[in-house]
Every structure is written in C-alpha cells, then in structure tokens.
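Take a look at the structure below.
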Amino acid sequence: MVPNISEVLFNEPQGRRIGLFQFGLSLTFLCMFVYAWSVGDAGETRWLLFMIVGTALSGIAESLPETQLQAVGVLRFTAGLVLLCVVAAPFLGLGFIIGG
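Going by UniProt numbering, the residue at position 66 of the sequence shown is 66; the numbering climbs one at a time, nothing skipped.
Take a look at the structure:
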C-alpha cells in the first residue's frame with residue numbers, strides 16, 4: 001500500500017548516521033563546485049548549488065530529534081522542492097539553474 005505524503009514527510013528522522021551521510025554528500029557537491037569555480041567554469045555548474053542546499057536540508061532534517069516532527073517535515077519538503085528544481089529545470093526552460 002502506498003503511504004500518504006504526511007506519513008513520509010512527518011515520519012521519525014532516520015538518525016544521525018543518515019544525516020552525516022547526507023552532509024557528506026553536501027560537502028562532496030561543495031568541493032565539486034569550488035573546483036569548478038577555481039578553474040573558471042562555475043557558470044556551468046550552478047546546479048551543484050541546488051544539490052548542496054537540498055542535501056544539507058535533508059541532512060539537517062534527519063539529524064533533528066524525534067520530538068520535532070513538524071520541523072523534520074518542513075525541512076524534508078523544502079529539500080524535495082529544491083532537488084525537484086534541478087530535475088524540472090531542463091523541461092521548464094530554467095536556464096539559470098543548468099547553465100544553459
């Protein structure tokens with residue numbers, strides 16, 4: 001059976017282990033962006049900024065205590081919207097995100 005959106009968004013956080021993994025992903029994306037910026041190609045990799053923010057928000061959500069389920073849901077929803085922007089950008093003609 002398919003869970004409701006509220007069950008997914010406001011579910012208990014997965015824990016600090018998953019949060020640290022997502023922070024690590026965010027740091028990896030940041031390193032990729034800094035490298036691209038240092039060689040002068042940051043304009044083509046603006047999508048990495050969205051990946052940095054999305055994974056960092058998700059990592060924060062998973063690191064919160066179980067008593068703050070509403071904050072977890074809001075952070076997860078915001079992270080999903082940020083990451084969805086990267087996916088939808090080519091179809092919606094948002095060239096400022098994908099560098100086109």
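Note that beta-carbon positions come from the ideal geometry of N, C-alpha and C, so glycine has one too.
In chain order, Q22 and A79 place their CB closer than 6 Å to the CB of S58, counting only its own chain and leaving out the 5 sequence neighbours on each side. The beta carbon of V82 sits closer than 8 Å to those of F50, V53, G54 and L57, all from its chain and outside the five residues before and after it, given in chain order. With fewer than 16 other CB atoms across the displayed protein chains lying within 10 angstroms of its CB, R16 is exposed.
By the criterion of a C-beta distance shorter than 7 Å, L30 is surrounded in its chain by I52, once the five residues flanking it on both sides are discounted.
The beta carbon of E12 sits closer than 6 Å to the beta carbons of E66 from its chain, once the five residues preceding and following it are set aside; these are given in chain order. Straight through space, the alpha carbons of T28 and L20 are spaced by roughly 12 Å. Per DSSP, T78 is one residue of the alpha helix (DSSP H) stretching across L69 to L92. For T45, there is no enclosing alpha helix (DSSP H), as DSSP gives it neither H nor E. The DSSP-derived three-state label of Q22 is helix.
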